[in-house]
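**Student:**
Protein chains: 4
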Amino acid sequence: MAVYVAQTRDDITDTQLQDILTRLRQVPAKATTRRTRTGFLIVTWAETGPLLEAELARSEHLVRVLPESSSFPLAAREYRPEGSVVRVGAVPVGDGRPVIIAGPCSAETPEVLLETARAVRAAGADMLRVGVFKPRTSPYSFHGLGPDGLAMLRDARAETGLPIVTEILDVRDIDRVADAADLLQVGARNMQNFTLLTELALTGRPVLLKRGLSATVHEWLNAAEYLLAHGNDHVILCERGIRTFERATRNTLDLNAVPVVKHLSHLPILVDPSHGTGATRYVPPMSAAALAAGADGVIVEVHPRPAQALSDGDQSLDLPEFARLATNLRAIGEALGRGRVAAEPELVELA
Amino acid sequence: MAVYVAQTRDDITDTQLQDILTRLRQVPAKATTRRTRTGFLIVTWAETGPLLEAELARSEHLVRVLPESSSFPLAAREYRPEGSVVRVGAVPVGDGRPVIIAGPCSAETPEVLLETARAVRAAGADMLRVGVFKPRTSPYSFHGLGPDGLAMLRDARAETGLPIVTEILDVRDIDRVADAADLLQVGARNMQNFTLLTELALTGRPVLLKRGLSATVHEWLNAAEYLLAHGNDHVILCERGIRTFERATRNTLDLNAVPVVKHLSHLPILVDPSHGTGATRYVPPMSAAALAAGADGVIVEVHPRPAQALSDGDQSLDLPEFARLATNLRAIGEALGRGRVAAEPELVELA
Amino acid sequence: MAVYVAQTRDDITDTQLQDILTRLRQVPAKATTRRTRTGFLIVTWAETGPLLEAELARSEHLVRVLPESSSFPLAAREYRPEGSVVRVGAVPVGDGRPVIIAGPCSAETPEVLLETARAVRAAGADMLRVGVFKPRTSPYSFHGLGPDGLAMLRDARAETGLPIVTEILDVRDIDRVADAADLLQVGARNMQNFTLLTELALTGRPVLLKRGLSATVHEWLNAAEYLLAHGNDHVILCERGIRTFERATRNTLDLNAVPVVKHLSHLPILVDPSHGTGATRYVPPMSAAALAAGADGVIVEVHPRPAQALSDGDQSLDLPEFARLATNLRAIGEALGRGRVAAEPELVELA
Amino acid sequence: MAVYVAQTRDDITDTQLQDILTRLRQVPAKATTRRTRTGFLIVTWAETGPLLEAELARSEHLVRVLPESSSFPLAAREYRPEGSVVRVGAVPVGDGRPVIIAGPCSAETPEVLLETARAVRAAGADMLRVGVFKPRTSPYSFHGLGPDGLAMLRDARAETGLPIVTEILDVRDIDRVADAADLLQVGARNMQNFTLLTELALTGRPVLLKRGLSATVHEWLNAAEYLLAHGNDHVILCERGIRTFERATRNTLDLNAVPVVKHLSHLPILVDPSHGTGATRYVPPMSAAALAAGADGVIVEVHPRPAQALSDGDQSLDLPEFARLATNLRAIGEALGRGRVAAEPELVELA
């Protein structure tokens, strides 16, 4: 494959831009565009280079055309050095202030979900996480309430105002999940479900992309690039532990990945210490470590009565534990000078 | 979740069986059945045990009801000690004789595919492997010909008579792929795409389930159990290398998995030394090792001109290399006493 | 093997204790003792249990005898719930205040070492790390100055007063290294060099035990137990990254190990983000994360001119970078409430 | 470090060669030599290149001087394309015929060891493996009989004529172990115990170098290079399984390593399926697979009564199981055309 990045003239008109895109499609090549301060950026790719290069050379409206060597040009830090801020509802992610997302592994009953939602909001959570479609190793395990659970999500949002984060497994569920949730999660097992990524990109909704269990950081950023290449810049990454030989914890939380992602990419990154350790007692220290490593926030599992949770009880905080954690994380955020930034960086708009 | 395995009386009627299943659905529980030599086996599961156990205790047509501790009762060796034989077209997999599957990573042109198909058939291949939907790390890589390539598969089958093995990525493609191929492959990245597994189960078509890059053998057998629990016993496993720290090979081919799977499960298992090593020169010795470890066959990448292949050229054999390999593998199969078994084990029929 | 833990009466005399130990040796069993607030603790082990158990049952001076199921009874948190403080020279490790150890990978020249030592002391380092025996993958690499470098270590200590941390590779070097250094480091490659551990135990000197590249936390604590079982409680652990599939960093720093070790053991634990990441730019955020995770300190590589370092230049901080890091870590330590504790916990003395 | 490989003139005299080596030592550089068909090969290395290069350029007896880029020039296949044969007693390893080494994990009693030795010899074993120094994770485990066990090894050799393979842990034991054994094993935990490797090199005795639990093939060949660079070419490699996330087997036997080592190096390679799987039932298929992959032989644990073995009983074959395995492996060796080669390749002599 040949990939090129081109910059248009500042004064290009919509018609001229559309004309370029039409001709690229005839190469045939694919393309995605981004408005910049001085025109538009075009990322375009085709099976072979010569025809594409010739087409790009032909246009008088392009001021710079470069072959792209990175496999994730749109996710790369170079493309947006100041870093991206992704808004989920009214909550900005990536603006400096640590974001706290909390909630139960699974929706169980409306009462338990509302009890949890109210408590985590009171303790300072920014969003509510909750699963209704649960990918489980065994076909005989609890797989979540499914579509029936979506109403609970809508109710919890209406009641608390918290944006909802939930996992999506099946492209055929996108519309109804997008109706009930604000941040659509792609789980670790689906990080390279490219069909799902491409369809989610088309929704334009914010996506939380968890790292695969044995994905390298480069593969993860390539998966993010699927979303960006198909037009959706609202991508938040989430480190949740990788698979190693170590057995004292459920996974090995790779906090190295936080500064590595910050170096390589402009995308915000959260950390999930609940799955990353698998044990409640390790969640508070690893949440603090995540912020100190530079993460934009944490996402933790909380249940009013973990011992009765239908899934992941061993790694869920109870309500008072979460309240203490939230207080401590705010203090650490302040100690790290991580208040919300005064003026947010100007967002680059989708074309 | 509570899982039970029940055995019906030998003389149970269809009506009586359907009646049991209807009442299980009302618990509510799910169930799958298998005809055995002495009636039917019922595997049934529900969120909580007491109601299900009470329902099972009520039926006079059940002669044995046991709580199931294994997470893969249908894939377990205990369930079918003699081993399963899965037929793909006219080719039995699992009957002792090593099966050889060969072909290009991707369909490129009708001419190249036919050239390859004829050559591998002449050299003794049992099936043709070829991809039209390619999962690729980067959105800017060649992703296969897509639906347009399916006609080539039908033509290659018509021309050579070889059953076709091809990967499927999207549930929405199942019908058209099932029309062009005989063995539907679930790739490593999709081993835990439970949506895809469940939908493939419903087709009743043979499925080749590759091991995930960091999946344990138990997780792999659980993924197979998704297919079996939803009614499809025509499952062939494929070891294709796992992810480790070693960098001299693309993956670490885990041949331990072959005798482990043979011990734990009745399902046939193939080995893919092309992806398992990533280098043509290592394919012949590791193919031989796979058979010696007890694999039911190998699946290897072959291209008439590997240097020109659009993908995976570094690990593809050329046509003379494949012909030599096939000859050697037949010799090793004979040395191991692995001719086709005279009388095949009686297949347990789906209910 | 059978392992027992016995507690003596409070008023046991030295003669009576020696008598017990003599009889244990005749079982034959091995034993190690620790003075406690109410007598002595005896850990004793033999090939088979019955004779040992009978011998223990015979003594009137033992008030409690229990079979030990943990493989690291002396390293276990239960044995000393308040945590251990290990003194290296005048520097306590494990008392709450984060310790900072810094210095070059290798001793190169007296001038460079002194320049570094003075600078890191001025910036607030508590100890000086420096290698003279370097384990290197290749026989053709620089292996350190060897014995000739030890004089430089003595000079740096005399000049700056900083305790010296250096690695030891060969049991035959113990005496001369112990003469020049205060904290003897067992490197990752030697974590299970049980000969070296046993001989180091006999010196009674503080030991810094790095985690092996693919050692589990349990294996690591077992390695520490070798030191304790042979009479040396002055053990400090050091997480330095494990080996995984990830290639964006030299190793995967496993900060999960910090709270896991704190939960399982009373031993202090440091973190080495230089080897744990392999890149200078990732050292500051991962140092902060280490403290936030609960580590008792960090050990980092510093060189006045990293580009000219004979080894590990890519992961060494220069002097201003270290000064900034030290300032930040002190601030984080204070934010975490990690000043030096007012009254140190009473140390359990070696018998 | 700078490394150079130089070839002397065919007619160089001993005095002239010694003169070159003396001058190299004065650079200062280190050097090792090998006699070849046309003179001597000199591998020499120093901290910096220019002085060494100048010294090499000065000599009129050198016909070719090349900077060496490989980190293991002496272990590399290029150095000896025909492959090395290492003799252990009268047994050649690497000449094509598969070698079978068998015996108990540990020496326990003279009677059990002799019973095992006679049985494995009768079944066709080429050497006897047996441990007296056992590296164990826990200080409270059975560590072997130690020096007292060495007499049993001498007796077993005298009685059966089988060469003895045993592990050595401590440089201070080299002389007495070398007196009792023929092939000195460096275990996985000591693969990078460079002190031990260097001292073993000086003995000139054959060494069996096991791969470290998480060592890459390149690191392993570098460890072998330590032996060769210090003058000992009698090195046999042994793959024994690496550490991965998989839990169904004790380790993941990496048979890919066999053809990779054969491609990169001239050294013989054995496979240890006992440690590589951890379960008796998997030893026969993985032994066969090892030979099919191209290994020069296998080393397996055998005990007359595995259930009573003091260590590794779970992975030991009993005597009839071993006899069957040996018969099968001979058959597979013949099927693979792996009889002993008629004329052995001329061994390159140590200078």
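Residue numbers (my numbering), protein chains in the order written: chain D, 1 to 351; chain C, 352 to 702; chain X, 703 to 1053; chain V, 1054 to 1404.
Yeah, the Cβ is synthetic: ideal placement off N, Cα and C, and Gly gets one too.
Keep in mind that this is a model prediction, so the values were computed, not measured.
1. Closest by CA to P624 of chain C, which one among V:L1249, V:Q1069, V:D1307, V:E1135?
2. Contact check, S1013 of chain X vs S808 of chain X under 8 Å by CB: the rounded distance?
3. What span of residues does the beta strand (DSSP E) with K210 of chain D cover, start to end?
4. In terms of alpha-carbon separation, which member of D:L21, D:L169, D:Q185 lies closest to S352 of chain D?
5. Which ranges does the beta strand (DSSP E) cover as unbroken runs of at least 3 residues, wholly within the stretch 216–303 of chain D, from first to last along the chain?
6. State buried or exposed for S420 of chain C, treating a residue as buried only when at least 16 other CB atoms are found within 10 Å of its CB.
7. Less than 8 Å between CB atoms is the rule here; does T1330 of chain V satisfy it with respect to chain D?
8. Between V790 of chain X and R121 of chain D, what straight-line distance do the alpha-carbon atoms span, to the nearest angstrom?
9. CB-CB under 7 Å to L753 of chain X, same chain, minus the five flanking residues each way: which ones, in chain order?
10. Rounding to the nearest angstrom, what Cα-Cα distance links R35 of chain D and V91 of chain D in this structure?
11. With 7 Å as the limit, tell me which residues of the stretch 581–603 of chain C have their beta carbon closer than that to any beta carbon of chain X; keep them in chain order.
12. Is DSSP giving L162 of chain D helix, strand or coil here?
13. Using only alpha-carbon positions, find the residue among C:S422, C:L676, C:E429 that is nearest to V568 of chain C.
14. For the stretch 285–301 of chain D, enumerate the residues whose C-beta is nearer than 8 Å to any C-beta of chain X, in chain order.
15. Scan the stretch 1260–1282 of chain V for residues whose Cβ lies nearer than 7 Å to a Cβ of chain X and list them as they occur along the chain.
16. Please look up how many angstroms separate the CB atoms of S1267 of chain V and S843 of chain X, rounded, as I've assumed it's under 8 Å.
17. Does any residue of chain C bring its CB to less than 8 Å from the CB of Y140 of chain D?
18. Confirm, please, whether the CB-CB distance from R1264 of chain V to E1292 of chain V is below 8 Å.
19. Report the three-state DSSP secondary structure of V354 of chain C (helix, strand or coil).
20. Once the 5 residues before and after Q543 of chain C are set aside, which same chain residues still bring their CB inside 8 Å of it?
21. Just to confirm before moving on: does the CB-CB distance between T1302 of chain V and T1330 of chain V stay below 8 Å?
22. Over the uninterrupted beta strand (DSSP E) stretch that includes V171 of chain D, give me the two end residues.
23. Pull up the DSSP beta-bridge partners for T36 of chain D, would you.
24. Can you have a look at H78 of chain D and say buried or exposed, based on whether 16 or more other CB atoms are within 10 angstroms of its CB?
25. Which residue wins for smallest C-alpha separation from N892 of chain X, given the options X:I803, X:V873, X:T811, X:A883?
26. Please list, in chain order, the residues of the stretch 1083–1105 of chain V that have any C-beta partner in chain X closer than 9 Å.
27. Buried or exposed, going by whether 16 or more other CB atoms sit within 10 Å of the CB of R782 of chain X?
28. How many whole angstroms separate the CB atoms of H936 of chain X and P908 of chain X, which I take to be in contact at a CB cut-off of 8 Å?
29. Rounded to a whole number of angstroms, what is the C-alpha to C-alpha distance between L1370 of chain V and R949 of chain X?
30. To be precise: take each residue of the stretch 1199–1218 of chain V, compare its Cβ to all Cβ atoms of chain C, and keep it if any distance is under 9 Å. Which residues remain?
31. Looking only at its chain, what residues have a beta carbon closer than 6 Å to the beta carbon of K613 of chain C, apart from the 5 residues adjacent to it on each side?
32. Any beta carbon of chain C sitting closer than 8 Å to that of R189 of chain D?
33. My parser needs the beta strand (DSSP E) runs of 3 or more residues fully inside the stretch 81–155 of chain D; what are they?
34. Under a CB-based cut-off of 8 Å, is L329 of chain D close to chain X?
35. To which residues does DSSP link L535 of chain C through a beta bridge?
36. Would you call the stretch 636–643 of chain C in contact with the stretch 543–554 of chain C, where contact means no fewer than 3 C-beta pairs closer than 8 Å?
**Tutor:** Let me lay it out:
1. Stepping through the second sequence from its first residue, residue 624 of chain C is reached at position 273. Measuring from the Cα of P624 of chain C, the nearest candidate turns out to be V:D1307.
2. Residue 1013 of chain X sits at position 311 when you count from the first residue of the third sequence. Residue 808 of chain X sits at position 106 when you count from the first residue of the third sequence. S1013 of chain X to S808 of chain X, Cβ: 5 Å. Contact.
3. Taking the first sequence and counting its residues from 1, one reaches residue 210 of chain D at position 210. Element bounds for K210 of chain D: 207–210.
4. Beyond the ends of chain D as shown, which are 1 and 351, falls residue 352 of chain D; an answer cannot be given.
5. 235–239, 269–271, 297–301
6. As a working mapping, residue 420 of chain C is identified with position 69 in the second sequence. When all chains shown are included, S420 of chain C counts as exposed.
7. By 1-based counting over the fourth sequence, the position of residue 1330 of chain V is 277. No, T1330 of chain V lies away from the interface with chain D (no Cβ there is under 8 Å from its Cβ).
8. The sequence position of residue 790 of chain X within the third sequence is 88, counting from 1. The sequence position of residue 121 of chain D within the first sequence is 121, counting from 1. Their backbone Cα atoms lie some 47 Å apart in a straight line.
9. Residue mapping note: residue 753 of chain X aligns to position 51 of the third sequence, counting from 1. Hits under 7 Å: V729.
10. Position 35 of the first sequence, counting from 1, holds the residue named residue 35 of chain D. Position 91 of the first sequence, counting from 1, holds the residue named residue 91 of chain D. So the alpha carbons of these two residues sit roughly 23 Å apart.
11. R594, T595, F596
12. For the purposes of this step, residue 162 of chain D is taken as residue 162 along the first sequence, with counting starting at 1. Three-state DSSP puts L162 of chain D in coil, outside helix and strand.
13. By one-based count along the second sequence, residue 568 of chain C stands at place 217. When each option's Cα is compared against that of V568 of chain C, the closest is C:S422.
14. P285, M286, A288, A289, A290, L291, A292, A293, G294
15. L1266, S1267, E1272, N1275, E1278, Y1279, A1282
16. Indexing the fourth sequence from 1 puts residue 1267 of chain V at position 214. Indexing the third sequence from 1 puts residue 843 of chain X at position 141. Contact doesn't hold; Cβ gap of about 20 Å is too wide.
17. The residue given as residue 140 of chain D occupies position 140 in the first sequence. Yes, its Cβ sits closer than 8 Å to a Cβ of chain C.
18. Your numbering for residue 1292 of chain V matches position 239 in the fourth sequence. Your numbering for residue 1264 of chain V matches position 211 in the fourth sequence. Contact flag set, yes.
19. Position 3 of the second sequence, counting from 1, holds the residue named residue 354 of chain C. Looking at V354 of chain C - three-state DSSP - the assignment turns out to be strand.
20. As a first step, residue 543 of chain C is located in the second sequence; it is residue number 192 there, counting from the start. Cβ neighbours of Q543 of chain C beyond the five flanking positions: G563, A566, E570, A574.
21. As a first step, residue 1302 of chain V must be located in the fourth sequence, where it is residue number 249. As a first step, residue 1330 of chain V must be located in the fourth sequence, where it is residue number 277. Their beta carbons are under 8 Å apart, which means T1302 of chain V touches T1330 of chain V by this criterion.
22. Within the first sequence, numbered from 1, the residue matching residue 171 of chain D stands at position 171. Element bounds for V171 of chain D: n/a, residue is neither H nor E.
23. Start at 1 with the first residue of the first sequence, and residue 36 of chain D comes out as number 36. Bridge partners of T36 of chain D: D:G39.
24. Here residue 78 of chain D is taken as the residue at index 78 of the first sequence, counted from 1. Here the sequence assigns Glu to residue 78 of chain D, which means His is not the residue at that position. Classification for E78 of chain D: exposed.
25. As a working mapping, residue 892 of chain X is identified with position 190 in the third sequence. With distances taken between Cα atoms, N892 of chain X lies closest to X:V873.
26. K1083, V1096, W1098, E1100
27. As a working note, residue 782 of chain X is residue 80 in the third sequence. So R782 of chain X ends up on the buried side.
28. If you number the third sequence from 1, residue 936 of chain X lands on position 234. If you number the third sequence from 1, residue 908 of chain X lands on position 206. About 4 Å separates the two Cβ atoms, so the contact holds.
29. Here residue 1370 of chain V is taken as the residue at index 317 of the fourth sequence, counted from 1. Here residue 949 of chain X is taken as the residue at index 247 of the third sequence, counted from 1. Roughly 39 Å separates the two Cα atoms.
30. none
31. Locating residue 613 of chain C in the second sequence gives position 262, counting from the first residue. Contacts found: G645.
32. Here the question's residue 189 of chain D lines up with position 189 in the first sequence. Taking Cβ atoms only, chain C reaches closer than 8 Å to R189 of chain D, which makes this a yes.
33. 86–88, 91–93, 99–103, 127–129
34. Walking along the first sequence from the start, residue 329 of chain D turns up at place 329. It does not; no Cβ of chain X falls within 8 Å.
35. The sequence position of residue 535 of chain C within the second sequence is 184, counting from 1. DSSP output for L535 of chain C lists C:T517, C:V558 as bridge partner(s).
36. no
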